[in-house]
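Residue numbers (our numbering): 195 to 531. Just so it is clear, CB atoms sit at the ideal spot from N, CA and C, and this is done for glycine as well. Since this is a predicted model, take the numbers as computed values, not measurements.
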């Protein structure tokens, strides 16, 4: 909570209220305040930063004395529109929306890009070189990047993914210029200093590439992995491994996880579960048989404290059958809420 700004808190609080209550609270407020709050809500939505737990914490902080029901899911964009219409009038709301979108583009062009439909983003990028497309997709959420990538020309897609695996240093000025150019094309479709950016850690970059590829069809994914392998076999191997990791286990559907865990030895599971995060440990334990749990518990009670390297290796062994199932398109993930 200490890291949240007052404007962010106010936006999250409004998002936790029903439309009528929020509209009533905003009536009489200066138009500039309404515009700033609406822009903050739009920014949260475009950046995929609306966090339910955070919203509840803010609500409790401001309304500790009130008894209220758990908030439902919120369409933030519709909420912003309804709030503006209810407080500023329809004509003024249209004007404020235009100002809000312009301000978002100026503040961070990639936030504005992320709020556009994938087909429009693909259309705006189609004439760009693979290096520029790679920069844009690396700045977007993986799921959105996947959708955009699948809509691009196959040859361009292959070259773009290859570029994403070899990130290059680029100045904020250049990055912003690319973002602004794409934003301008998006607007057309719908009618910084020179210091070097801190380089993203290679594994983080390749993980994003892996997440993007995992959302594609098997044929397209295999073709792109083959393209990467032709350039750098080690990178291709890493990307394959990062498509499913130990940390992904809570997102895997129970049936798929059960099938994979049957192939893992109890001794390996015991080491992998040593000091594991509770959400992962509980997911695994709830998806193995009672006899398997007893065997794992017995192994854990008898073994000496494993070294960090042994724990990492054991977790890799657990992830192996999951990756094999994913390669065969037999691994199911839980739907995102």
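What does a CB cutoff of less than 7 Å around residue 445 pick up in its chain, not counting 5 residues either side in sequence? 527, 528
Whole angstroms are fine: how far does the CA of residue 340 sit from the CA of residue 318? 16 Å
What number of angstroms, rounded off, separates the C-alpha of residue 329 from the C-alpha of residue 358? 7 Å
Who are the Cβ neighbours of residue 477 in its own chain at under 6 Å, not counting the five residues just before and after it? 443, 444
Do residue 332 and residue 402 count as a contact pair if the criterion is CB distance below 8 Å? yes
By DSSP, does residue 446 sit in helix, in strand, or in coil? Of the three classes helix, strand and coil, the one that applies to residue 446 here is strand, per DSSP.
So for residue 527, helix, strand or coil by DSSP? strand
In terms of alpha-carbon separation, which member of 440, 487, 416 lies closest to residue 431? 416
Cβ neighbour criterion (16 or more within 10 Å) applied to residue 497: exposed
Kindly indicate the opening and closing residues of the alpha helix (DSSP H) around residue 474. 472–479
Go ahead and label residue 469 buried or exposed: buried means 16 or more other beta carbons lie within 10 angstroms of its beta carbon, across all protein chains shown. So residue 469 counts as exposed.
Would you please state the rounded distance, in angstroms, between the beta carbons of residue 414 and residue 344? I believe it to be under 8 Å. 7 Å between Cβ atoms; contact.
Residue 347 versus 473, 322, 513, residue with shortest Cα-Cα distance: 322
Can you say whether residue 424 is buried or exposed, counting buried as having 16 or more other CB atoms within 10 angstroms of its CB? Classification of residue 424: exposed, given that the 10 Å Cβ count is below 16.
Is the separation between the beta-carbon of residue 454 and that of residue 516 shorter than 8 Å? yes
Looking at the structure shown, is residue 502 part of a helix, part of a strand, or coil, going by DSSP? helix
Per DSSP, what kind of secondary structure is residue 364 in: helix, strand or coil? coil
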